[in-house]
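Residue numbers (my numbering), protein chains in the order written: chain W, 1 to 703; chain X, 1001 to 1303. Just so you know, even glycine gets a beta-carbon here, dropped at the ideal spot from N, CA and C. Note that this is a predicted model, so its numbers are computed, not measured. Everything on this sheet refers to the single structure shown next.
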């Protein structure tokens, strides 16, 4: 206990400044996020809660090196080892002092974050609080344990650092290179498809490094599975460090390592680490870069040996051991190839597949759509879907085999706007599960086949429960109670008419109008989006909910809300602005931008369509330019008709959502006019239909 | 009692101690003398439980010392290179000692610091080599351990401080019954300090004896005869060394002084005088007799 207090005191020069620095950082960043003007509206990922701790975890190396610094000098090593304290107690004292300093700092940072979130009234996932503490503590102790092993094996800071690097990173570096080699050659295997032994996020300490370059791991690195798994290496390494520390001879101090064997192993492994980089190429050992890399590896080997042995003669004698590094790197190459070949063999027949499940198309990019949360829990067993998955997988494998050098996803000759990439888990009849990210030739076919499953139907029609929603936004106008009113209207109406809110799961066949441009027809016309985010249990989600004409009451409510924000005399003002822009007195920097969302426009014999007509007038443009001339003409004609419109909340007929903004450079004043929904007389509707259709073609052609 | 039996220690293949055996009695000042690299520091580190023996054993009251906390509580070791925590003062180091030595006496620490004239709150890095050595001694004495191991402890001390340290060591032995084990490459440093002396040479003890016995084991005789004489005249004497200047011979003799005098007196010498030998001379002649080289206090080698 006395030595523990002594070590607490010894580590204080590191512990106190780091604790203060992290707390200050947390206070500033989370203070801004929770108490600032742009207050946090959506729950962050667990890692985003106290981001400074990602870096703080690595200060465990400092704690270990400072706590065990007496091991690197003969006089200090002799002093500590001459004292009446066992080596185990000495090790435990440093370790417990580190646990206290680091654990305390982590807890304080998380509690400060919690306090700021509560004071600011910002949304957060409550379970992330204890999980963060557990995660950062275990990550820190994993790093500390590796550093403690490095210290116990070494007698100098250099060798301790090299040994720490090897213990902490080498196994995961090898794993990372193998995984990357596999993914590089098999594009249908993504980072999230890797089996547990290749998943770089399971070890949370090294996962923190990997996530810096692989964003897909950020949302999922803090999870109980990874935390519990990491507990095992943490305990094993802490016990191993204690065992090595107890056996470490005091005379190792000031010498490279406790044994020449470890010194040689460090050199071999460091050189091997460099050589493993060769496997970042599909065909290693073939370029000048590879030759340079081998030279660097040799240099690393020689330098490392020289630093520990201080004898050129002995270093030269040890040179043959460099071949061990080369052999290990070559072994890595063969290991990658073996995994690649095994992955390419896997093309199951539909009958061999027990079920398939999907994580959601957005998860490939690190997304977290609400529908994907529901989707990943569904096991599809219908033969038609299993057959479709098997065919697409087989087709992908064939293409990869045919040309290993190309990335099949983007060179597929069948690629079209309907092609979709989705991560799939294929569970075989024998219980094994394979994860692949497969390119499906048609998202509509995929959805149609998935649609045979009742759970899928429920999932795609589902909206997040209102109690789980932390943040809701539609535009910059609507206030919270208006949003709630809109959401309640939508959920009631959507349930009644069985709406599929997520566009991804709707039919994607392009509808072409008689004029030749693609359109959205009938109920599919979309008036607004509501963005919601929240969490259910540990899972954060986000969702973009489109308000389409299929829910007319909601659309009507939305139109009322918009119109209540309309500025008086805005239609007259629009006419004046257009006139001003067309007059010779207009200043060069003046501009006018008009946006017209036109619904239920009868452009052809089909169902009415949605047209979006935008026009931008600027004196800066060349007045004789054809497009400028047409823009001016269109704006003038449109403003005249629009001025005759009357505000409406009826979405059954043709209506226009008009919004515009102008910039008066003489007063340096920019004015925005929010959407105003208008209806027109049949004559004006006909005139607008012609005007908008022609403008659509003009815009499409660019003149 | 500390007993080393065939104690062996190697460093990277180099034998530092080779089958060393010795007994260190309680309540004495035990001196270890030897040339640089003889194995003195290694022995001290083995005796104080810093190093683990490669072969043989070193025990305290029949118990192993290495990692034996019960034994190490009674030992304190002062290295030849005193180390202090970064930016620490004597006071801070006293806290470090007190964290492991239950017997650490802060009153004694304060008193000794005053006596040595060392500030306890000044950063140790600003101390001179001699002051650091004194600080290390004060900390060791304040731990109130029963066995004190000092490695080259008089190095860097001025004569006054050397005297004060010696005085303190005597006091430890006489007042508390402590045992002091002290190493030096200088025999003169230990001559008037130790009760027992051991001479280390190339990792082994070549001579271990009570200092009083050592001084009386050899004596010097100066002798001259009226007639010419040869070696046969010294038959019956155990002569370790002999020099002759004119008709006067100087003999270093081992054995009974009176019997030796009587043997020569019977041969009617013109001159016969018995002279005392210094401890250093005893060691030199004993070593020469054994065929070893010995590093003198001045650091030169004598064959």
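Item, Value
"Residue 1289 of chain X - DSSP class collapsed to helix/strand/coil", "helix"
"Residue 1170 of chain X classed as buried or exposed, judged by whether at least 16 other C-beta atoms fall within 10 angstroms", "exposed"
"Rounded straight-line distance, which links the Cα of residue 1264 of chain X to that of residue 1272 of chain X", "8 Å"
"Nearest to residue 193 of chain W (by Cα), restricted to the options W/545, W/677 and W/433", "W/433"
"Bridge-paired residues (DSSP) for residue 1129 of chain X", "None, per the DSSP bridge assignment."
"Chain-ordered neighbours of residue 1096 of chain X on chain W, where CB pairs are closer than 8 Å", "6"
"Interface flag, residue 134 of chain W vs chain X, CB-CB below 7 Å", "no"
"Close beta carbons around residue 241 of chain W, own chain, < 6 Å, minus the five adjacent residues each side", "145, 148, 149 and 152"
"Within chain X, the residues that residue 79 of chain W reaches when beta carbons sit closer than 7 Å", "1079 and 1083"
"Inter-residue CB distance, residue 1250 of chain X and residue 1231 of chain X (contact presumed, cutoff 8 Å)", "That belief does not hold up - the Cβ atoms of residue 1250 of chain X and residue 1231 of chain X are roughly 14 Å apart, past 8 Å."
"Any beta strand (DSSP E) of 3 or more consecutive residues that is wholly inside the stretch 1141-1175 of chain X", "1147-1151"
"Contacting positions in the stretch 81-98 of chain W - beta carbon closer than 7 Å to chain X", "81, 82, 83, 84, 85, 86 and 87"
"Length of the line joining the Cα atoms of residue 15 of chain W and residue 102 of chain W", "7 Å"
"Given residue 679 of chain W as reference, the closest of W/597, W/629, W/632 and W/508 once Cα atoms are compared", "W/597"
"Residue-level contact to chain X via CB, residue 2 of chain W, 7 Å cutoff", "yes"
"Contact belief for residue 1089 of chain X with residue 1132 of chain X at Cβ below 8 Å, rounded distance in angstroms", "The pair is not a contact, with the Cβ atoms about 12 Å apart (cut-off 8 Å)."
"Strand pairing of residue 706 of chain W, partner residues [DSSP]", "Since the first residue shown for chain W is 1 and the last is 703, residue 706 of chain W is missing from the structure and cannot be characterised."
"Per-residue burial, residue 1126 of chain X [other beta carbons within 10 Å of its own, 16 or more giving buried]", "exposed"
"Beta-carbon proximity check, residue 1032 of chain X vs residue 1278 of chain X, cutoff 7 Å", "no"
"Under 7 Å (Cβ pairs) to chain W, residues found in the stretch 1008-1033 of chain X", "1011"
"Alpha helix (DSSP H) segment containing residue 119 of chain W, residue limits", "87-120"
"Residue 720 of chain W versus W/675, W/654 and W/43, residue with shortest Cα-Cα distance", "With chain W covering 1 to 703 only, the question about residue 720 of chain W has no answer from this structure."
"Whole runs of the alpha helix (DSSP H) within the stretch 1170-1247 of chain X, excluding any shorter than 4 residues", "1187-1191 and 1211-1217"
"Cβ distance (whole Å) where residue 523 of chain W is taken to contact residue 548 of chain W below 8 Å", "6 Å"
"Proximal residues to residue 100 of chain W (C-beta, below 7 Å), its chain only, five neighbours per side dropped", "8"
"Backbone secondary structure at residue 1280 of chain X - three-state DSSP", "helix"
"Interface residues of the stretch 1062-1078 of chain X facing chain W [CB-CB below 7 Å]", "1067, 1069, 1072, 1073 and 1077"
"Residue 363 of chain W - DSSP class collapsed to helix/strand/coil", "helix"
"Against chain W: residues of the stretch 1100-1123 of chain X by CB proximity under 7 Å", "1100 and 1101"
"Delimiting residues of the alpha helix (DSSP H) encompassing residue 629 of chain W", "626-642"
"Neighbour flag for residue 1050 of chain X against chain W, beta carbons, 7 Å", "yes"
"Amino acids of chain B, ordered along the chain, whose beta-carbon sits closer than 9 Å to that of residue 1045 of chain X", "The structure shown contains no chain B; its protein chains are W and X."
"Member of X/1047, X/1239 and X/1015 whose CA lies at the smallest distance from the CA of residue 1002 of chain X", "X/1047"
"Bounding residues of the alpha helix (DSSP H) (the contiguous stretch that carries residue 189 of chain W)", "Here residue 189 of chain W belongs to no alpha helix (DSSP H), and DSSP marks it neither H nor E."
"Check whether residue 590 of chain W and residue 542 of chain W have beta carbons under 7 Å apart", "no"
"Pair within 7 Å by beta-carbon distance, residue 561 of chain W and residue 677 of chain W", "no"
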